[in-house]
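Visitor: Structure below; questions to follow.
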Amino acid sequence: ACHRTGEILLEMMKHLFEAWDEIEERLRGRYLMLFLDYDGTLTPIVEFPHLAKLSSSHKRALTALTLSENIRLAIVSGRSLNELKEIIGIPGIIYVGNHGLEQEGPDTSHIHPGGQYVKGDRDYVTLQVKIEELLGEAA
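Read in my numbering, the sequence shown has -5 at position 5, and its numbers run on one by one without any break.
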């Protein structure tokens, strides 16, 4: 029964950009902090991450959102901060890479000390080694 309820909820849910006209009026005059994920939200899930491309219509919509005085936009990803900024390339967005370890945007910039070891999935082993070193020191 629980699985079927989840299926029904998914059928009822709409993609943000598909429902924008419906919710725009409700948001008018309010401040909104909008957090979006790149892979699987702004782009479809694909077999190879380098093939996940932001459509031109989504790029226009994101650009329009950044121009609103009442909306602050953050895009969160497991990708590196530099890769995320490069593939989206829209000023005015808060980019959050490496699952939050790296952040950069208007009036904000932060790299967690552990972020220096994570440059994307290809360096997962390096991060794992550093974690093991830290755990070994704590023992």
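Glycine included, every Cβ here is placed at the ideal spot set by N, Cα and C.
1) My understanding is that glutamate 92 touches isoleucine 101, with C-beta atoms under 8 Å, so please give their C-beta distance in whole angstroms.
2) Tell me whether histidine 102 sits in a helix, a strand or coil according to DSSP, three-state version.
3) For leucine 97, which residues does DSSP report across the bridge?
4) Just how far apart, CA to CA, sit leucine 22 and serine 99?
5) Please classify serine 70 as buried or exposed, where buried requires at least 16 other C-beta atoms within 10 Å of its C-beta.
6) Enumerate in chain order the residues of its own chain whose CB-to-CB distance from arginine 62 is below 8 Å, with the five nearest sequence positions on each side excluded.
7) Determine the direct distance from the alpha carbon of leucine 74 to that of proline 103, and round the result to whole angstroms.
Guide: On the basis of the coordinates in this document:
1) As a working note, residue 92 is residue 102 in the sequence shown. As a working note, residue 101 is residue 111 in the sequence shown. Rounded, the Cβ-Cβ distance is 5 Å, consistent with contact.
2) The residue labelled residue 102 in the question sits at position 112 within the sequence shown. Per DSSP, reduced to three states, the secondary structure at histidine 102 is coil, with no helix or strand assignment.
3) The residue labelled residue 97 in the question sits at position 107 within the sequence shown. Note that residue 97 corresponds to aspartate in the displayed sequence, not to leucine. Beta-bridge annotation (DSSP): aspartate 97 is not paired with any residue.
4) Here residue 22 is taken as the residue at index 32 of the sequence shown, counted from 1. Here residue 99 is taken as the residue at index 109 of the sequence shown, counted from 1. Going by the C-alpha atoms only, they are around 20 Å apart.
5) As a working note, residue 70 is residue 80 in the sequence shown. Classification of serine 70: buried, given that the 10 Å Cβ count is 16 or more.
6) Here residue 62 corresponds to residue number 72 of the sequence shown, with the count starting at 1. Tyr21, Leu22, Met23, Leu24 and Ile84.
7) In the sequence shown, residue 103 corresponds to position 113, counting from 1. In the sequence shown, residue 74 corresponds to position 84, counting from 1. Cα to Cα, proline 103 sits roughly 19 Å from leucine 74.
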